[in-house]
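Reading through the structure tokens given below for one structure.
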Ligand SMILES: Cc1cc2nc3c(=O)[nH]c(=O)nc-3n(C[C@H](O)[C@H](O)[C@H](O)COP(=O)(O)O)c2cc1C
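In this note's numbering, the protein residues as written are 1 to 237.
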């Protein structure tokens with residue numbers, strides 16, 4: 001069983017970087033509830049001990065309509081903001097809708113196969129990645145070959161933070177990209193449209209119609225031996 005880690009928290013004053021304090025603390029957010037721990041170990045057996053977050057997070061389609069508090073939603077984007085990126089370019093752009101009116105406006109940019117369930121989620125987000133480096137420096141104006149990779153890291157940070165505050169997320173590549181650019185007013189010259197993300201509180205599978213209800217189970221993964229190779233690389237089976 002994972003030991004709780006002793007960590008140092010660095011507290012910043014609200015104006016910036018001055019006056020850093022450090023405290024000894026316990027990483028409480030990583031401590032799973034007993035129910036979550038037994039769920040994770042029975043549904044998703046692990047090959048090595050990891051923080052439960054990594055195996056407990058999954059992508060449901062059953063969302064209830066309970067709104068997400070703006071201050072909670074802000075913590076998800078804050079987590080994404082701190083993702084690493086090439087040259088610290090931070091090429092991601094999140095555009096979100098959290099009212100019935102704004103969600104209805106952007107729903108046509110989600111393909112029908114996803115719209116059927118995603119329309120119940122209280123928050124819908126579109127993630128874009130800026131194609132060229134914009135930060136001043138030697139790369140400015142040049143294509144950014146890792147923009148999509150960096151935006152992927154930011155999405156995962158958002159998903160992890162959501163899980164830690166009791167919310168669920170579901171990424172959707174099944175979007176109409178032309179509609180996303182048009183409805184959200186983002187320039188296809190400057191950005192790639194990557195995914196939509198449904199965010200909210202998970203609901204019971206029975207709230208979904210079939211066949212979606214039966215698919216409402218956490219997925220498995222390929223074994224470690226298939227995805228990790230200890231070098232040097234030789235012929236693979
Ligand atoms: C980039 C990306 C695109 C995805 N697109 C869709 C989608 O269009 N529709 C859908 O139902 N799920 C979609 N998913 C969810 C994946 O199917 C899911 O993450 C995967 O099966 C692993 O399951 P888990 O997230 O529950 O662990 C997408 C996930 C990612 C990361």
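Note that the Cβ used here is the ideal one computed from N, Cα and C, for glycine as well.
Self-check item: Exposure of residue 141, with buried meaning 16 or more beta-carbon neighbours within 10 Å
Solution: Reading the chain shown from its first residue, position 141 is the one you call residue 141. Residue 141 counts as exposed, since fewer than 16 other beta carbons sit within 10 angstroms of its beta carbon.
Quiz item: Does at least one heavy atom of ligand 1 sit under 8 Å from the Cβ of residue 219?
Solution: One-based indexing of the chain shown puts residue 219 at position 219. At least one heavy atom of ligand 1 lies less than 8 Å from the C-beta of residue 219.
Self-check item: Cutoff 8 Å; reference residue 190; Cβ partners in own chain excluding five residues on either side
Solution: Here residue 190 is taken as the residue at index 190 of the chain shown, counted from 1. The beta carbon of residue 190 lies closer than 8 Å to those of 130, 131, 132 in the same chain, with the five residues before and after it left out.
Quiz prompt | The alpha helix (DSSP H) enclosing residue 245, as first and last residue numbers | solution = There is no way to answer for residue 245, as the model of the chain reaches only from 1 to 237.
Exercise. Within its chain, find whatever has a CB closer than 6 Å to the CB of residue 134; leave out the 5 residues flanking it on each side and keep chain order.
Key: What you label residue 134 is simply residue 134 of the chain shown in a count that begins at 1. Once the five neighbours on either side are set aside, residue 134 has no close Cβ partner at all.
Practice problem: Thinking residue 195 and residue 127 are a contact (beta carbons under 8 Å), I'd like their distance in whole angstroms, please. | Solution: Within the chain shown, the letter at position 195 stands for residue 195. Within the chain shown, the letter at position 127 stands for residue 127. Contact between residue 195 and residue 127 holds: their C-beta atoms lie close to 5 Å from each other, under 8 Å.
Quiz prompt | Element boundaries [alpha helix (DSSP H), containing residue 102] | solution = Along the chain shown, read from residue 1 onward, the residue named residue 102 stands at position 102. Element bounds for residue 102: 100-106.
Practice problem: Let me know the secondary structure DSSP gives residue 95 once reduced to three states. | Solution: What you label residue 95 is simply residue 95 of the chain shown in a count that begins at 1. Residue 95: strand per DSSP, three-state reduction.
Self-check item: residue 177 - DSSP class collapsed to helix/strand/coil
Solution: For the purposes of this step, residue 177 is identified with residue 177 of the chain shown, where counting begins at 1. In the displayed model, residue 177 falls within a helix according to three-state DSSP.
Quiz item: On the premise that residue 173 lies in contact with residue 113, defined as a C-beta separation below 8 Å, what is that separation, rounded to the nearest angstrom?
Solution: Locating residue 113 in the chain shown gives position 113, counting from the first residue. Locating residue 173 in the chain shown gives position 173, counting from the first residue. With a Cβ gap of about 11 Å, residue 113 and residue 173 do not count as contacting.
Quiz item: Between 75, 166, 149, which lies nearest to residue 201 when the distance is taken from Cα to Cα?
Solution: In the chain shown, residue 201 corresponds to position 201, counting from 1. Among 75, 166, 149, the Cα nearest to that of residue 201 is on 166.
Self-check item: Sub-9 Å separation of residue 83 and residue 159 beta-carbons
Solution: Taking the first residue of the chain shown as 1, we reach residue 83 at position 83. Taking the first residue of the chain shown as 1, we reach residue 159 at position 159. Contact flag unset, no.
Exercise. Name the residue from 74, 234, 117 whose alpha carbon lies nearest to the alpha carbon of residue 212.
Key: Here the question's residue 212 lines up with position 212 in the chain shown. Ranking 74, 234, 117 by Cα distance to residue 212 puts 117 first.
Exercise. In the DSSP assignment, find the unbroken beta strand (DSSP E) run with residue 111 in it and report its ends.
Key: On the chain shown, residue 111 is found 111 positions in, with the first residue counted as 1. Here residue 111 belongs to no beta strand (DSSP E), and DSSP marks it neither H nor E.
Quiz item: Under 9 Å between the Cβ atoms of residue 68 and residue 123?
Solution: On the chain shown, residue 68 is found 68 positions in, with the first residue counted as 1. On the chain shown, residue 123 is found 123 positions in, with the first residue counted as 1. Going by C-beta atoms, residue 68 is nearer than 9 Å to residue 123.
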